[in-house]
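*Asks:* Using this note's numbering, the first residue of the sequence shown is number 148, and each one after it goes up by one.
Positions of the beta carbon are idealized from the N, C-alpha and C atoms, including for glycine.
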Amino acid sequence: MTIQTYEIERKAQTRTHLEAELTKSLSADERHLPSLCLWDQQGLQLFEDITHSEDYYPFAAEVSLLRGNVDNLLDHISEGGAILELGSGSLEKTDILLQGLSHLQRHVDYYALDVSPSELYRTLNAIEDKLGDNSTVKCHPLVCTYEESLVWLKQNPVLDGRDVIVLWLGSSMANETPETIQRLLRSFKAASESSQIGKLTFLIGIDGCKDITRISRAYDLSNGLSRRFAMNGIANINSIMGYNVFDPKDWVFRGLWNSKQSRYETCLSPVRDIALQIGRQAIHLKSSELVRLIYSQKWDRGDMERILEGTGFGITKCWKNPEGGYGTSLSTAQVLQHTHIPGLVLYQLE
148 MTIQTYEIER KAQTRTHLEA ELTKSLSADE RHLPSLCLWD QQGLQLFEDI THSEDYYPFA
208 AEVSLLRGNV DNLLDHISEG GAILELGSGS LEKTDILLQG LSHLQRHVDY YALDVSPSEL
268 YRTLNAIEDK LGDNSTVKCH PLVCTYEESL VWLKQNPVLD GRDVIVLWLG SSMANETPET
328 IQRLLRSFKA ASESSQIGKL TFLIGIDGCK DITRISRAYD LSNGLSRRFA MNGIANINSI
388 MGYNVFDPKD WVFRGLWNSK QSRYETCLSP VRDIALQIGR QAIHLKSSEL VRLIYSQKWD
448 RGDMERILEG TGFGITKCWK NPEGGYGTSL STAQVLQHTH IPGLVLYQLE
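#1: Across the segment 245-254 and the segment 278-295, are there enough close Cβ pairs to call them in contact, namely three or more that are closer than 8 Å?
#2: As a quick exercise: from Lys357, Leu183, Lys396, pick the residue whose alpha carbon is nearest that of Val418.
#3: Assuming Leu415 and Leu440 make a contact with CB atoms under 8 Å, what is their CB distance in whole Å?
#4: If you reduce the DSSP assignment to three classes, tell me which class Asn322 lands in.
#5: Taking the DSSP output, what are the residues bridged to Asn405?
#6: Helix, strand or coil for Thr198, going by three-state DSSP, please let me know.
#7: Where do the ends of the beta strand (DSSP E) carrying Asp354 lie?
#8: Taking the C-alpha atoms as reference points, what is the distance between Phe393 and Ala382?
#9: Are the beta-carbon atoms belonging to Phe120 and Gly227 less than 8 Å from one another?
#10: Taking the beta carbon of Gln408 as the centre, do at least 16 other beta carbons fall within 10 Å, making it buried, or is it exposed?
#11: Do Ser237 and Ser443 count as a contact pair if the criterion is CB distance below 8 Å?
#12: Look at the Cβ atom of Ala229, then the Cβ atom of Asp261, and state whether they are nearer than 8 Å.
#13: Name the DSSP bridge partner or partners of Cys286?
#14: Suppose the cutoff is 6 Å on Cβ atoms and the five residues either side in sequence are ignored; what does the same chain contact list for Ser225 look like?
#15: Over what stretch of residues does the beta strand (DSSP E) that includes Arg375 continue unbroken?
#16: Whose C-beta lies closer than 8 Å to the C-beta of Ile197 among residues of the same chain, with five residues either side of it excluded?
#17: Determine the burial state of Asn272: buried for a count of at least 16 other Cβ atoms within 10 Å of its Cβ, exposed for fewer.
#18: Rounded to a whole number of angstroms, what is the C-alpha to C-alpha distance between Asp307 and Leu314?
#19: Quick check on Ala175: does DSSP put it in helix, strand or coil?
#20: Looking only at its own chain, which residues have a Cβ that is under 8 Å from the Cβ of Glu364, when we skip the five neighbours before and after it?
#21: Can you tell me the Cα-Cα spacing of Gly402 and Glu412, whole angstroms?
#22: Quick check on His431: does DSSP put it in helix, strand or coil?
#23: Please work out which residues of its chain come closer than 8 Å, Cβ to Cβ, to Val210, disregarding the five sequence neighbours upstream and downstream, and give them in chain order.
#24: Considering just the uninterrupted stretch of the alpha helix (DSSP H) at Trp299, what are its terminal residues?
#25: Report the rounded CA-to-CA distance for Arg214 versus Ile384, giving the unit in angstroms.
#26: Is it buried or exposed for Ser386, if we count other Cβ within 10 angstroms and need 16 for buried?
#27: Between which residues of its own chain and Leu496 is the CB-CB distance below 8 Å, once the five residues before and five after are set aside?
#28: Thinking just about the alpha-carbon of each residue, which of Ala208, Leu221, Ala429 is nearest to the one in Asn468?
#29: Enumerate in chain order the residues of its own chain whose CB-to-CB distance from Ser182 is below 8 Å, with the five nearest sequence positions on each side excluded.
#30: Helix, strand or coil for Pro181 per DSSP?
#31: DSSP on Gln498, reduced to helix/strand/coil?
#32: With respect to the alpha helix (DSSP H) encompassing Leu220, which residues constitute its N-terminal and C-terminal limits?
#33: Can you tell me whether Tyr442 is helix, strand or coil according to DSSP?
#34: Does at least one heavy atom of the ligand FMN sit under 7 Å from the Cβ of Leu455?
#35: Below 8 Å on the Cβ atoms is my guess for Asp447 versus Gly355; work out the distance and round it to an integer in Å.
#36: For Leu499, name the three-state secondary structure that DSSP assigns.
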């Protein structure tokens, strides 16, 4: 099998671009860092280690759910279709679906999207070896952001007339704010309408856990990986900028549960009053002030339905994992739901 690369014109994470992003995000009312800074090669490898940690429950629960429902899930991936995965990561969970498709000898093109070229090629090569040369599943890397993939969807003639299923697994969707998700889904709808593709479908993984103790153990791991992952974000920024915007000795990891927003917030905080020099601008932060890196939202079905309002997408199929405290009752502490969201609902027969 030959992995074919699809080149996409994209805005490089250059020093000038990052300087503007840092100035904007650190001057916001809720100070934060650009999330893309977390996902360099080292960050992706650290996160892969996090997913294999005993207390990081979402990964094992999602693997169990996919394996237990794989035949039903594969029914929603058509012969000759295309799969686009947003933030493909280690591909360990995706491998369950791809192996199933290959076993069925269903011809499908799989496009793995991520922002680290080296990690993308490493993981795709591993999948290629597992699938074998005669597999009906063909793999392609897309090195770009979510937004940049819209250009690919809209302008790629290879997709003409083909159904496209977008995978958004690992609760990655819940790392974004509801407003960002709504904007992205509306953009996917607009891109599909202006393209020649067939049916557009999303397969999304969502974690609805509200057990604060369990969440805290998962996102502030006792083995220190959560803290290393967060600190790597500022190391990556320093590398791109070419000088130490952040002195690691001035920063500590902080994680907290935001009950109002129903999310865990991974943050960094300065240990003293500091001034960050970003280009010609100095940004002042007080000791213990929170700078957010990433959100982990915990949503039930009702939350999802509210988020989807006005996007043109709606829930038509839901799979839930009843094992290990996972259930269907919204009153329980833990619900992991994978929601099959076809679009464009207004244009499809169900």
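*Replies:* Result, derived from the coordinates:
#1: A contact exists between the segment 245-254 and the segment 278-295.
#2: Ranked by Cα distance from Val418, the first of Lys357, Leu183, Lys396 is Lys396.
#3: About 6 Å; that satisfies the 8 Å criterion.
#4: Helix.
#5: Residue pairing from DSSP places Asn405 in a beta bridge opposite Arg410.
#6: Helix, per DSSP.
#7: Its beta strand (DSSP E) spans residues 347-354.
#8: When rounded, the distance between both Cα atoms is 8 Å.
#9: Since the first and last residues shown for the chain are 148 and 497, residue 120 lies out of range.
#10: Flag for Gln408 reads exposed.
#11: At the C-beta level, Ser443 and Ser237 stay beyond 8 Å of one another.
#12: Asp261 is positioned such that its CB atom lies no closer than 8 Å to that of Ala229.
#13: Partner(s): Tyr257.
#14: Counting only Cβ-Cβ distances below 6 Å, and skipping sequence neighbours, we find Asp310.
#15: Unbroken run through Arg375 is the alpha helix (DSSP H), 372-388; no beta strand (DSSP E).
#16: Taken in chain order, the residues that qualify are Tyr203, Leu368, Leu372, Ser373, Phe376.
#17: Exposed, by the Cβ-count rule.
#18: Taking the straight line joining both Cα atoms gives about 19 Å.
#19: Ala175 sits in coil when the DSSP states are folded into three classes, being neither helix nor strand.
#20: According to the sequence shown, residue 364 is Arg rather than Glu. Excluding positions up to five away in sequence, the list reads Asp202.
#21: Answer to the nearest angstrom: the Cα atoms are 6 Å apart.
#22: Here His431 carries a strand assignment [DSSP, helix/strand/coil].
#23: For Val210, same chain residues with a beta-carbon under 8 Å away, outside a window of 5 residues either side, are Glu239, Lys240, Ile243 in chain order.
#24: Per DSSP, Trp299 is one residue of the alpha helix (DSSP H) stretching across 293-302.
#25: Cα-Cα distance, rounded: 38 Å.
#26: Exposed is the call here.
#27: Low per-residue confidence applies at Leu496: pLDDT is 16, beneath 50, and the placement is therefore not dependable enough to give any value.
#28: For Asn468, the nearest C-alpha among the options comes from Ala208.
#29: Only Asn322, Leu440, Ile441 meet the Cβ criterion.
#30: Reduced to three states, the DSSP call for Pro181 is coil.
#31: The chain is shown only over 148 to 497; residue 498 falls outside these bounds and no answer can be derived.
#32: Under the DSSP assignment, Leu220 falls in the alpha helix (DSSP H) whose first and last residues are 217-221.
#33: Strand, per DSSP.
#34: Absent from the structure shown: the ligand FMN. Ligands present: none.
#35: Cβ-Cβ separation between Asp447 and Gly355: approximately 4 Å, consistent with a contact (criterion under 8 Å).
#36: No statement about residue 499 is possible, as the shown extent of the chain runs from 148 to 497 and does not include it.
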